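Protein chains in written order, with my numbering: chain A, 8 to 132; chain B, 84 to 411.
Written as structure tokens, this is what we have:
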């Protein structure tokens, strides 16, 4: 067992330092690159925080849809094949819901400020 | 340095030019670069742009039209009265600058966020969709006999190319599979009319001024195909930059785009446009994945490329909004 602080806490501390202390001092193209770097660290923090629950729920849905077991990537390969072959489609009960939930969970990590994502969240609530 | 070669080159086609100043690289991948500079002349300096593949980079990617073709297309567009810079010179091998051409520099903005938000473009924004419809019609109507040799694409071939590229990543994406399946099921078949297609008609390749569209750039992906492809591509949500209720580039409606197109004497097929919007959304998603691959395998091991890989999911939610909208 590794000791504290957690990876999430460490990355967040670095990102906050870059954001609050370094950003005001950087100009030009490096300011843009710094912003990309901070965005990457924030993304990693979100992934470390959110992935476990999202992956577990995704795996459970996939097992239900496919009636088989396996790792997350194996299950996704199996679903991809079935969609490609036309064995499941949007009329298949649960498929649209599964794709929507999985995609929303990806956006929550990747780009929570993406306008389409925010629109879908607003309409859900 | 590039200054010496450029100055020699400029003297050969611009009589009286005494040199060049302010050469700066605007963008550049491994095989293609864009430079800005000023031609120094006693009657007044002239802003210019160099677009080139540096010496040693002969072969363009297979989809690329090639710089010689780009120069011809830009000049044809200019001659037809479309917003396009005048081509000043096509590079010759003995000039030591590689392959490419020099064109007049047109002042204006290409960055979408500024075009969509800055006050100086407030009057232009409501005009853009209609203007771009007219410009697209002009491009599609360029005289076929004068056009350079370009690849010919159909919807079916484009689906095949996208699928091959996606499968090459060996990473399962059920939403992309759904989109590929939808595209195959809705393939409208060959277009009745095959025209020149710009191929990358969107923000970033359009110079906008306070008065509206000033230039269409970057003909690298020009080809022959279904003219509706250009109208679908500019409606892809990825080019709306947050203004998702304005499908044309975040500044206008499809109706305005179509009206501008039809006022120029050409006909719109909205079903085909929607098909190409779905195709374009998937294409941008596949391109995001491709950039991640290039990040991983080098040589461009940059954070920017890595992070673009994480934007593929944006196209997944947009594909779902198009193909499986939730009950509302």
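We put the beta carbon where it would ideally sit given N, CA and C, even for glycine. As the structure is a prediction and not an experimental result, all values here were calculated from the model.
Taking only beta-carbon atoms, is residue i less than 8 Å away from chain A?
i: residue 407 of chain B; result: yes
i: residue 313 of chain B; result: no
i: residue 400 of chain B; result: yes
i: residue 386 of chain B; result: yes
i: residue 200 of chain B; result: no
i: residue 320 of chain B; result: yes
i: residue 382 of chain B; result: no
i: residue 325 of chain B; result: yes
i: residue 261 of chain B; result: yes
i: residue 369 of chain B; result: no
Could you check the C-alpha separation between residue i and residue j for me, to the nearest Å?
i: residue 317 of chain B; j: residue 250 of chain B; result: 26 Å
i: residue 44 of chain A; j: residue 232 of chain B; result: 42 Å
i: residue 372 of chain B; j: residue 97 of chain B; result: 44 Å
i: residue 123 of chain A; j: residue 325 of chain B; result: 8 Å
i: residue 198 of chain B; j: residue 292 of chain B; result: 9 Å
i: residue 120 of chain B; j: residue 100 of chain B; result: 13 Å
i: residue 170 of chain B; j: residue 33 of chain A; result: 38 Å
i: residue 127 of chain A; j: residue 394 of chain B; result: 17 Å
i: residue 350 of chain B; j: residue 359 of chain B; result: 16 Å
i: residue 110 of chain B; j: residue 117 of chain B; result: 5 Å
i: residue 323 of chain B; j: residue 406 of chain B; result: 19 Å
i: residue 72 of chain A; j: residue 362 of chain B; result: 27 Å
i: residue 22 of chain A; j: residue 49 of chain A; result: 7 Å
i: residue 330 of chain B; j: residue 256 of chain B; result: 25 Å
i: residue 223 of chain B; j: residue 90 of chain A; result: 36 Å
i: residue 366 of chain B; j: residue 400 of chain B; result: 14 Å
i: residue 385 of chain B; j: residue 41 of chain A; result: 12 Å
i: residue 185 of chain B; j: residue 390 of chain B; result: 33 Å
i: residue 274 of chain B; j: residue 283 of chain B; result: 19 Å
i: residue 415 of chain B; j: residue 46 of chain A; result: Here chain B covers residues 84 to 411 and nothing more, so residue 415 of chain B does not appear.
i: residue 55 of chain A; j: residue 20 of chain A; result: 14 Å
i: residue 303 of chain B; j: residue 160 of chain B; result: 14 Å
i: residue 137 of chain A; j: residue 192 of chain B; result: The structure shown does not extend to residue 137 of chain A, since chain A is modelled only from 8 to 132, so the question has no answer here.
i: residue 209 of chain B; j: residue 217 of chain B; result: 14 Å
How many whole angstroms separate the CB atoms of residue i and residue j, which I take to be in contact at a CB cut-off of 8 Å?
i: residue 392 of chain B; j: residue 370 of chain B; result: Actually they do not touch by this definition, with Cβ atoms about 10 Å apart.
i: residue 258 of chain B; j: residue 150 of chain B; result: In fact, because the Cβ distance is near 36 Å, the residues do not count as touching under 8 Å.
i: residue 123 of chain B; j: residue 103 of chain B; result: 6 Å
i: residue 179 of chain B; j: residue 88 of chain B; result: 5 Å
i: residue 308 of chain B; j: residue 237 of chain B; result: 7 Å
i: residue 203 of chain B; j: residue 296 of chain B; result: Actually they are not in contact, since the Cβ atoms of residue 203 of chain B and residue 296 of chain B sit about 15 Å apart, beyond 8 Å.
i: residue 132 of chain B; j: residue 106 of chain B; result: In fact, because the Cβ distance is near 11 Å, the residues do not count as touching under 8 Å.
i: residue 181 of chain B; j: residue 138 of chain B; result: 5 Å
When the cut-off is 8 Å and only beta carbons count, does residue i lie next to chain B?
i: residue 33 of chain A; result: no
i: residue 114 of chain A; result: yes
i: residue 40 of chain A; result: yes
i: residue 93 of chain A; result: yes
i: residue 103 of chain A; result: yes
i: residue 74 of chain A; result: no
i: residue 29 of chain A; result: no
i: residue 90 of chain A; result: yes
i: residue 68 of chain A; result: no
i: residue 152 of chain A; result: The question about residue 152 of chain A has no answer here: the residues shown for chain A are numbered 8 through 132.
i: residue 117 of chain A; result: yes
i: residue 126 of chain A; result: yes
i: residue 51 of chain A; result: no
Three-state secondary structure (DSSP) at residue i?
i: residue 108 of chain B; result: strand
i: residue 218 of chain B; result: helix
i: residue 119 of chain B; result: strand
i: residue 183 of chain B; result: strand
i: residue 403 of chain B; result: helix
i: residue 172 of chain B; result: strand
i: residue 103 of chain B; result: strand
i: residue 202 of chain B; result: helix
i: residue 129 of chain B; result: strand
i: residue 38 of chain A; result: helix
i: residue 134 of chain B; result: strand
i: residue 192 of chain B; result: strand
i: residue 33 of chain A; result: coil
i: residue 120 of chain A; result: coil
i: residue 126 of chain A; result: helix
i: residue 381 of chain B; result: coil
i: residue 232 of chain B; result: coil
i: residue 158 of chain B; result: helix
i: residue 393 of chain B; result: coil
i: residue 147 of chain B; result: coil
i: residue 364 of chain B; result: helix
i: residue 152 of chain B; result: helix
Name, please, each residue of chain C whose Cβ falls closer than 9 Å to the Cβ of residue i.
i: residue 21 of chain A; result: Any reference to chain C falls outside this structure, whose protein chains are A and B.
- Can you list the alpha helix (DSSP H) stretches of 4 or more residues lying completely in the stretch 287–354 of chain B, in chain order? 311–316 and 337–346
- Item | beta strand (DSSP E) segments (min. 3 residues) lying fully within the stretch 235–287 of chain B | 278–280
- Runs of beta strand (DSSP E) wholly within the stretch 53–109 of chain A (minimum 3 residues, chain order): none
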